[in-house]
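S.K.:
There are 2 protein chains.
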Amino acid sequence: MMKHVLGAKCIVCGKEWEAEPSITVCPSCGGLLDIQYDYAEIRKEVDHKVMAQRQEQSMWRYMEYLPVLSKGERPKLRVGWSPFYKADRLAETLGIRELYIKDDGVNPTASLKDRASAMAVVKAEEAGAETIACSSTGNAASSLAGNAAAAGFPTYIFVPSRAPRGKVSQLMIFGAHVVSVKSTYEDTFKLSEQAIEKFGWYNRNAAINPFLMEGKKTVALEIAEQLGWKMTDYVALSVGDGCTIAGVWKGFKDLYETGMIDRLPRLISVQAEGCCPLNRAIAQNRPWEPMEENTLADSIAVGVPRNAEKALRAIRESKGVVVNVSDQEILDAAKLLGRTCGVFGEPAGVTGTAGVKKALETGLISENSSVVSIVTGNGLKDTPNAMKAAGEPVAIDPEMNQLLQVMDRL
Amino acid sequence: MMKHVLGAKCIVCGKEWEAEPSITVCPSCGGLLDIQYDYAEIRKEVDHKVMAQRQEQSMWRYMEYLPVLSKGERPKLRVGWSPFYKADRLAETLGIRELYIKDDGVNPTASLKDRASAMAVVKAEEAGAETIACSSTGNAASSLAGNAAAAGFPTYIFVPSRAPRGKVSQLMIFGAHVVSVKSTYEDTFKLSEQAIEKFGWYNRNAAINPFLMEGKKTVALEIAEQLGWKMTDYVALSVGDGCTIAGVWKGFKDLYETGMIDRLPRLISVQAEGCCPLNRAIAQNRPWEPMEENTLADSIAVGVPRNAEKALRAIRESKGVVVNVSDQEILDAAKLLGRTCGVFGEPAGVTGTAGVKKALETGLISENSSVVSIVTGNGLKDTPNAMKAAGEPVAIDPEMNQLLQVMDRL
Chain L
301 MMKHVLGAKC
311 IVCGKEWEAE
321 PSITVCPSCG
331 GLLDIQYDYA
341 EIRKEVDHKV
351 MAQRQEQSMW
361 RYMEYLPVLS
371 KGERPKLRVG
381 WSPFYKADRL
391 AETLGIRELY
401 IKDDGVNPTA
411 SLKDRASAMA
421 VVKAEEAGAE
431 TIACSSTGNA
441 ASSLAGNAAA
451 AGFPTYIFVP
461 SRAPRGKVSQ
471 LMIFGAHVVS
481 VKSTYEDTFK
491 LSEQAIEKFG
501 WYNRNAAINP
511 FLMEGKKTVA
521 LEIAEQLGWK
531 MTDYVALSVG
541 DGCTIAGVWK
551 GFKDLYETGM
561 IDRLPRLISV
571 QAEGCCPLNR
581 AIAQNRPWEP
591 MEENTLADSI
601 AVGVPRNAEK
611 ALRAIRESKG
621 VVVNVSDQEI
631 LDAAKLLGRT
641 CGVFGEPAGV
651 TGTAGVKKAL
661 ETGLISENSS
671 VVSIVTGNGL
681 KDTPNAMKAA
691 GEPVAIDPEM
701 NQLLQVMDRL
Chain E
301 MMKHVLGAKC
311 IVCGKEWEAE
321 PSITVCPSCG
331 GLLDIQYDYA
341 EIRKEVDHKV
351 MAQRQEQSMW
361 RYMEYLPVLS
371 KGERPKLRVG
381 WSPFYKADRL
391 AETLGIRELY
401 IKDDGVNPTA
411 SLKDRASAMA
421 VVKAEEAGAE
431 TIACSSTGNA
441 ASSLAGNAAA
451 AGFPTYIFVP
461 SRAPRGKVSQ
471 LMIFGAHVVS
481 VKSTYEDTFK
491 LSEQAIEKFG
501 WYNRNAAINP
511 FLMEGKKTVA
521 LEIAEQLGWK
531 MTDYVALSVG
541 DGCTIAGVWK
551 GFKDLYETGM
561 IDRLPRLISV
571 QAEGCCPLNR
581 AIAQNRPWEP
591 MEENTLADSI
601 AVGVPRNAEK
611 ALRAIRESKG
621 VVVNVSDQEI
631 LDAAKLLGRT
641 CGVFGEPAGV
651 TGTAGVKKAL
661 ETGLISENSS
671 VVSIVTGNGL
681 KDTPNAMKAA
691 GEPVAIDPEM
701 NQLLQVMDRL
């Protein structure tokens, strides 16, 4: 089937299945599945030199590592190969030796979730699906809406009614059938699962569909290549549902197993103090339990993470660090990234950086470290919180004397 | 000085000057300046094969065509090389043979203006400036704020108080000193010019600073290359101040003069019915006159275009077509682009596409044409107008029976 894919293996019972494009959870026990690759075969085809000569500048640059044979026939958005910056001024401000920012807000629908949605659209095409559906706190939704619109798929999309206007406006413009659910993300997710089963839509719920993590992992492949294949000590990112951190870890492991990097980074898992079920489970070394969704960082306000097992496994395997940050620390990080890097992230987008700051302040990581911080979504998706972070401008009449007064204050 | 730059020539009196990094208007008559190149020298260094082998995927890919010797020492955002899509479904909907979308909303601060601001920052560095200033309807402002923040320059930025929240939130996050002027764009511009003179800031007002058009022209260079150097019949874009259309034309002319393309496209200049001083001048073949700024497309609500001469010259030289569209046609185009292409543009960003539709409907261009339509800014910058275009989602409780009722209506 797909060139280097061996199959889909259940992370609970260990059974292996053929990686059919419409497979979701383990047919035997209901556990989540992992896509397995023949690393020896990949190794034969890919090395640093091969990658350096490659022209494709998108997530599809890494075809040998992806569970598809082609990008599909339908038109698609250009997802991935997002900007990567060495952030020396921010590093100096935070007091850390080496810091990089991966700005995944510069994607067609302005978040990292485009990577999973682009994959979902290709797999839906392979599965012969007619309609794609998902539930999401917002970014998976708008990215599915955009990527599916480009490919000509209708979508049904379930979001909690708290989703920020920026994300909702994207859904509406992209012509998705939007169902806004007046309840938690958990209830939204459950309703979407019922409807998907009832109507036979292609399922783009990232935890349930094992291929989507394979799309998300491309951010890790890019980071490694943009670092010249020399990994940093840490990679920091915000964590909600758990799919992204699990995908990032899968990407680094795939590279390590195929000899493309010679060491694995430690993950810094950053959650909001008001909603940190995964970090709490790690810190207290016990099973995770649901929490309230009490943070302004809507994308990671996930009280019942749908991909807890894979996320916890990723953090533990990487000897990861867990950090919880307050909403105020998130808003402060938004300003800090904007002022020192010219990068504008949404609250959950800058939460990784807030975590790096806090991990340094609390001594969890040393100032002699090197870190990549992933900005997972664009600040334009949530301008009210940006204004809350940075304040309002001063308004004057077009008079020089008023300007002079204002300049004294600025 | 700069490798292929001959000088800066006044478009009014024809005098030629050395292209100093801080030059603005003609020292002799106050006319606007054009940067001149030695095309024969560029021709010796660049051809299709040379370009095909180039690795740089940003606006700096085209160094031979730019008025700089290097990108400067300071850190910078990755601007340009934005996505280019063949839009077959939209073409079919509009009834046109061949249509392409250049999505310049996928830029670090989410608009085409990043190209000019990136150039401004490099020239400010060359000029030894300490502070950069501009006035703008919004996008030039936020792009200057972001690009300058990345490079460590403080900025003073003047915007009319009507600027949408998305753009204002960018300014505030990037740490610009923002002056919100309770008046028209014209008054805002004038106040900025007074202040720039008084305080000696580096001037990033696009009409006044001849280098900025050279940054903007890179969108044309990319379009030509992304078309495989085979130009379409037309290139459509929205027009406000006039700098962008003038820059686009300059880019195509530079390519033509150096043998990289063998024909020039005709420009489709699209303005809002409520604010179309340049198109009116062309249509009535008489000098332009100020108009009110009566459109929801804030970026092109420019009653007194600062770059009228160059814009009018560009439209005329290209045997261009002028089209004015209503605000409703702009909102409809936003939905159309979203639904058929997965591209989300701000009102002025989709105005070019609205113009293509209208030009087809009114027979100004033939359905046998090929057209590139440039989306100049991201829809996330102005979500209220997106919601106006596309409507509100339906909100329900998390109950299957409510979902079924909603689905009947969707």
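So the sequence lines, in the order shown, correspond to chains L and E. Those letters in the first sequence? Residues 301 to 710, by our numbering. Those letters in the second sequence? Residues 301 to 710, by our numbering. No residue lacks a Cβ here, since even glycine has one placed at the ideal position from N, Cα and C. No experiment lies behind these values; they were computed from the predicted model shown.
#1: Could you list which residues in chain L have their beta carbon closer than 7 Å to that of Arg639 of chain E, in chain order?
#2: If contacts are defined as beta-carbon pairs under 8 Å, then Ile396 of chain L and Val671 of chain L qualify, I think. What distance do you get, rounded to the angstrom?
#3: Counting only beta-carbon separations shorter than 7 Å, does Pro383 of chain E have a partner in chain L?
#4: Report the option in L:Ala340, L:Ser443, L:Gly466 whose CA atom is closest to the CA atom of Lys688 of chain E.
#5: So which residues of chain L does Phe644 of chain E contact, with C-beta pairs closer than 9 Å?
#6: Taking 6 Å as the limit between beta carbons, can you name the residues of its chain near Asp338 of chain E, skipping five residues before and five after?
#7: Any idea what DSSP makes of Glu356 of chain E, helix, strand or coil?
#8: With H, G and I counted as helix, E and B as strand and the rest as coil, what does DSSP make of Leu333 of chain L?
#9: From Phe489 of chain L to Asn685 of chain L, what distance separates their C-alpha atoms?
#10: Would you kindly check if the distance between the Cβ of Ile674 of chain E and the Cβ of Gly652 of chain E is under 7 Å?
#11: To the nearest whole angstrom, what separates the beta carbons of Leu377 of chain L and Gly642 of chain E, a pair I think is in contact under 8 Å?
#12: Using a Cβ-Cβ distance cut-off of 7 Å, determine whether Met478 of chain E contacts chain L.
#13: Taking Cβ-Cβ distances shorter than 8 Å, what residues in chain E pair up with Val694 of chain L?
#14: With a threshold of 6 Å, establish whether the CB of Ala433 of chain L neighbours any heavy atom of the ligand ZN.
#15: So, is Thr437 of chain L buried or exposed, given that buried needs 16 or more other C-beta atoms within 10 angstroms?
#16: Taking only the alpha-carbon atoms, compute the straight-line gap between Ser382 of chain E and Asn439 of chain L and give it to the nearest angstrom.
#17: What is the DSSP secondary structure of Val422 of chain L, reduced to helix, strand or coil?
#18: When you check each C-beta in the stretch 388 to 399 of chain E against every C-beta of chain L, which residues fall closer than 9 Å?
#19: Would you tell me roughly how many angstroms separate the C-alpha atoms of Ala690 of chain E and Asn585 of chain L, rounded to the nearest one?
#20: Check whether the stretch 493 to 508 of chain E and the stretch 306 to 319 of chain E are in contact - that is, three or more C-beta pairs closer than 8 Å.
#21: Considering just the uninterrupted stretch of the alpha helix (DSSP H) at Thr653 of chain E, what are its terminal residues?
#22: What is the rounded straight-line gap between the Cα of Leu521 of chain E and the Cα of Ala319 of chain L?
#23: Does the distance from the CB of Ala449 of chain L to the CB of Arg639 of chain E come in under 7 Å?
#24: Would you mind stating whether Leu332 of chain L and Ala420 of chain L have Cβ atoms separated by less than 7 Å?
#25: Can you confirm whether Met687 of chain L, when its beta carbon is compared against all beta carbons of chain E, has any partner nearer than 7 Å?
#26: Leu567 of chain L bridges to which residues according to DSSP?
#27: Quick check on the burial criterion: 16 or more other C-beta atoms within 10 angstroms. Buried or exposed for Val350 of chain E?
#28: Report the option in L:Ser483, L:Gln702, L:Gly679 whose CA atom is closest to the CA atom of Ala410 of chain E.
#29: Nearest to Gly380 of chain L by alpha carbon, out of L:Asn668, L:Tyr365, L:Asp403, L:Ser370?
#30: Find out if the Cβ-Cβ distance for the pair Val368 of chain L, Val325 of chain L is shorter than 7 Å.
#31: Rounded to the nearest angstrom, what separates Val478 of chain L and Leu394 of chain L at their Cα positions?
#32: Exposed or buried, what is Pro414 of chain E when buried is set at 16 or more other beta-carbons lying within 10 Å of its beta-carbon?
#33: So the candidates are E:Pro460, E:Val535, E:Leu660; which of them puts its Cα closest to the Cα of Tyr400 of chain E?
#34: Let me know if Val710 of chain E comes out buried or exposed under the rule of 16 or more other beta-carbons within 10 Å of its beta-carbon.
#35: By the DSSP assignment, the alpha helix (DSSP H) with Phe453 of chain L in it spans what residues?
#36: Can you name, in chain order, every residue of its own chain whose Cβ lies under 7 Å from the Cβ of Met302 of chain E, other than the five neighbours on each side?
M.R.: The relevant details are as follows:
#1: In the second sequence, residue 639 of chain E corresponds to position 339, counting from 1. Residues of chain L with a Cβ closer than 7 Å to the Cβ of Arg639 of chain E are, in chain order, Ala449, Phe474, Gly475.
#2: For the purposes of this step, residue 396 of chain L is identified with residue 96 of the first sequence, where counting begins at 1. For the purposes of this step, residue 671 of chain L is identified with residue 371 of the first sequence, where counting begins at 1. Between Ile396 of chain L and Val671 of chain L a beta carbon distance of about 6 Å is seen, short of the 8 Å cut, so the two are scored as contacting.
#3: On the second sequence, residue 383 of chain E is found 83 positions in, with the first residue counted as 1. The beta-carbon of Pro383 of chain E is placed less than 7 Å from the nearest beta-carbon of chain L.
#4: Translated into positions along the second sequence, residue 688 of chain E becomes position 388. The candidate whose alpha carbon is nearest that of Lys688 of chain E is L:Gly466.
#5: In the second sequence, residue 644 of chain E corresponds to position 344, counting from 1. Correct list: Pro408, Thr409, Ala410, Ser442, Gly446, Ser469, Gln470, Ile473, Phe474.
#6: Taking the second sequence and counting its residues from 1, the one referred to as residue 338 of chain E is at position 38. The residues are His304, Leu306.
#7: Sequence index remark: in the second sequence, residue 356 of chain E carries index 56 (1-based). DSSP places Glu356 of chain E in the coil class of the three-state scheme, outside both helix and strand.
#8: On the first sequence, residue 333 of chain L is found 33 positions in, with the first residue counted as 1. Leu333 of chain L: strand per DSSP, three-state reduction.
#9: Position 189 of the first sequence, counted from the start, is the residue given in the question as residue 489 of chain L. Position 385 of the first sequence, counted from the start, is the residue given in the question as residue 685 of chain L. So the two alpha carbons sit approximately 25 Å from each other.
#10: Here residue 652 of chain E refers to the residue found at position 352 when the second sequence is read from its first residue. Here residue 674 of chain E refers to the residue found at position 374 when the second sequence is read from its first residue. Yes, the Cβ-Cβ distance between Gly652 of chain E and Ile674 of chain E is below 7 Å.
#11: Residue numbering aside, residue 377 of chain L sits at position 77 when the first sequence is read from its first letter. Residue numbering aside, residue 642 of chain E sits at position 342 when the second sequence is read from its first letter. Leu377 of chain L to Gly642 of chain E, Cβ: 5 Å. Contact.
#12: Position 178 of the second sequence, counted from the start, is the residue given in the question as residue 478 of chain E. Note that residue 478 of chain E corresponds to Val in the displayed sequence, not to Met. Yes, its Cβ sits closer than 7 Å to a Cβ of chain L.
#13: Locating residue 694 of chain L in the first sequence gives position 394, counting from the first residue. Neighbours of Val694 of chain L on chain E, chain order: Val478, Val479, Ser480.
#14: For the ligand ZN, the structure offers nothing, since it holds no ligand at all.
#15: Residue numbering aside, residue 437 of chain L sits at position 137 when the first sequence is read from its first letter. Answer is buried; the Cβ neighbour count reaches 16.
#16: Counting from 1 along the second sequence, the entry for residue 382 of chain E is found at position 82. Counting from 1 along the first sequence, the entry for residue 439 of chain L is found at position 139. Whole-angstrom Cα-Cα distance: 21 Å.
#17: In the first sequence, residue 422 of chain L corresponds to position 122, counting from 1. In this structure, Val422 of chain L counts as helix in the three-state DSSP scheme.
#18: Per Cβ criterion, the list reads Asp388, Arg389.
#19: As a working mapping, residue 690 of chain E is identified with position 390 in the second sequence. As a working mapping, residue 585 of chain L is identified with position 285 in the first sequence. Per the coordinates, the alpha-carbon of Ala690 of chain E lies some 47 Å from the alpha-carbon of Asn585 of chain L.
#20: Verdict: no, contact absent.
#21: In the second sequence, residue 653 of chain E corresponds to position 353, counting from 1. Note, Thr653 of chain E: alpha helix (DSSP H), 647 to 661.
#22: For this step, residue 521 of chain E is matched to residue 221 along the second sequence. For this step, residue 319 of chain L is matched to residue 19 along the first sequence. Distance between the alpha carbons of Leu521 of chain E and Ala319 of chain L is about 43 Å.
#23: As a working note, residue 449 of chain L is residue 149 in the first sequence. As a working note, residue 639 of chain E is residue 339 in the second sequence. Yes; because the gap between Cβ atoms is below 7 Å, this pair is in contact.
#24: Position 32 of the first sequence holds residue 332 of chain L. Position 120 of the first sequence holds residue 420 of chain L. In this structure, Ala420 of chain L does not lie closer than 7 Å to Leu332 of chain L by Cβ.
#25: One-based indexing of the first sequence puts residue 687 of chain L at position 387. At a cut-off of 7 Å, the C-beta of Met687 of chain L has a neighbouring C-beta in chain E.
#26: What you label residue 567 of chain L is simply residue 267 of the first sequence in a count that begins at 1. Its beta-bridge partners are L:Val535.
#27: As a first step, residue 350 of chain E must be located in the second sequence, where it is residue number 50. Exposed: under 16 other Cβ atoms inside 10 Å.
#28: Position 110 of the second sequence, counted from the first residue, corresponds to residue 410 of chain E. Of the residues L:Ser483, L:Gln702, L:Gly679, the one whose Cα lies closest to the Cα of Ala410 of chain E is L:Gly679.
#29: To locate residue 380 of chain L, count along the first sequence from 1; it is residue 80. Sorting L:Asn668, L:Tyr365, L:Asp403, L:Ser370 by C-alpha distance to the C-alpha of Gly380 of chain L places L:Asp403 at the top.
#30: One-based indexing of the first sequence puts residue 368 of chain L at position 68. One-based indexing of the first sequence puts residue 325 of chain L at position 25. Taking a C-beta distance under 7 Å as the contact criterion, Val368 of chain L and Val325 of chain L do not qualify as a contact pair.
#31: In the first sequence, counting from the first residue as 1, residue 478 of chain L sits at position 178. In the first sequence, counting from the first residue as 1, residue 394 of chain L sits at position 94. Using only the alpha carbons, I get a separation of about 41 Å.
#32: By 1-based counting over the second sequence, the position of residue 414 of chain E is 114. What sits at residue 414 of chain E in the sequence shown is Asp, not Pro. So Asp414 of chain E counts as buried.
#33: Taking the first residue of the second sequence as position 1, residue 400 of chain E is located at position 100. Closest option to Tyr400 of chain E, Cα to Cα, is E:Val535.
#34: Residue numbering aside, residue 710 of chain E sits at position 410 when the second sequence is read from its first letter. The question names Val, but residue 710 of chain E in the sequence shown is Leu. Around the beta-carbon of Leu710 of chain E, fewer than 16 other beta-carbon atoms lie within 10 Å, marking it exposed.
#35: Taking the first residue of the first sequence as 1, we reach residue 453 of chain L at position 153. Per DSSP, Phe453 of chain L lies in no alpha helix (DSSP H) and is assigned neither H nor E.
#36: To locate residue 302 of chain E, count along the second sequence from 1; it is residue 2. Take Met302 of chain E, set aside five residues on each side of it, and the residues of its chain with a beta-carbon closer than 7 Å to its own are Ala319, Pro367, Val368, Leu369, in chain order.
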